[in-house]
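> Before we start, here is the structure in question, set down as structure tokens.
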Amino acid sequence: MSAAVTPGREVVLETDRLLLRPWRVAEAVVQRELWTERDPRVPPHRRVDADGHPTVAELEDAIRTNPLWSTGLLAVERKGAGDVIGYCGLVDSGRGPDGEPELAFELLRRVWGQGYATEAAGAVLDWARSSGYERLWATVWDWNAASRRVLAKVGFTETERQEVHPVHGTTLFTTITCVGGRSAPLR
Numbered sequence: 002m003s004a005a006v007t008p009g010r011e012v013v014l015e016t017d018r019l020l021l022r023p024w025r026v027a028e029a030v031v032q033r034e035l036w037t038e039r040d041p042r043v044p045p046h047r048r049v050d051a052d053g054h055p056t057v058a059e060l061e062d063a064i065r066t067n068p069l070w071s072t073g074l075l076a077v078e079r080k081g082a083g084d085v086i087g088y089c090g091l092v093d094s095g096r097g098p099d100g101e102p103e104l105a106f107e108l109l110r111r112v113w114g115q116g117y118a119t120e121a122a123g124a125v126l127d128w129a130r131s132s133g134y135e136r137l138w139a140t141v142w143d144w145n146a147a148s149r150r151v152l153a154k155v156g157f158t159e160t161e162r163q164e165v166h167p168v169h170g171t172t173l174f175t176t177i178t179c180v181g182g183r184s185a186p187l188r
């Protein structure tokens with residue numbers, strides 16, 4: 002994995018098969034596809050609503066104006082095909098301790114099961130370690146077995162912290178400690 006990182010500048014990460022980079026406005030259609038594919042157990046504010054929002058135009062505007070899409074959640078592009086298949090990156094969701102970002106990822110269903118999520122998450126973790134983060138965390142729905150496997154593969158462990166929602170399920174909190182350039186899971 003290689004990275005081009007300059008404080009205050011865009012992050013670009015590269016693995017054997019993937020390029021993680023800022024989103025381009027024209028790729029809002031991929032974000033819209035992610036919204037339409039989400040499991041019905043995902044809360045409504047994270048799915049396309051009855052009026053069709055967010056629209057592609059609204060997502061284009063978010064890519065243009067929200068720094069999250071240039072420095073936080075990076076587009077995951079397959080180098081061989083040149084297509085964007087989802088996102089992976091670090092966000093400050095406000096649910097974790099100050100200064101400890103959350104790893105987030107989501108890929109299009111058509112590429113599930115090919116190791117791309119694990120590869121992208123590993124690249125982001127390597128970047129986070131080299132950037133000096135001491136600990137990261139991630140949340141995952143208890144029913145999302147595939148994402149739980151990805152998090153376990155890259156070294157996250159589930160903590161005792163959970164948030165129970167009567168309709169959508171239980172959110173599990175996972176964490177990883179970055180020590181001396183390698184990962185050491187926490188409980």
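Position 44 of the sequence shown, counted from 1, bears residue number 45 in my numbering, the numbering being contiguous throughout.
By construction, the Cβ of each residue, glycine as well, lies at the ideal position given by its N, Cα and C atoms.
Since Q32 is in the beta strand (DSSP E), which residue starts that stretch and which ends it?
For Q32, no beta strand (DSSP E) segment is defined; the enclosing uninterrupted segment is the alpha helix (DSSP H) at A29 to E38.
> Taking 8 Å as the cut-off, does the segment 129-138 touch the segment 157-176 (at least 3 CB pairs, one atom from each stretch)?
Under the Cβ criterion (8 Å, minimum of three pairs), the segment 157-176 counts as touching the segment 129-138.
> Less than 8 Å separating the beta-carbons of A29 and L60?
yes
> Which parts of the segment 56-144 are runs of the alpha helix (DSSP H), unbroken and 4 residues or longer, counting only runs that do not cross its ends?
57-66 and 117-131
> Can you have a look at V85 and say buried or exposed, based on whether 16 or more other CB atoms are within 10 angstroms of its CB?
buried
> Could you say which of A153, L109 and P102 lies nearest to W128 if we only look at CA atoms?
Looking at A153, L109 and P102, the one whose alpha-carbon comes closest to that of W128 is P102.
> Can you check which of these residues, A146, T160, L21 and E11, is closest to T72 by C-alpha distance?
E11
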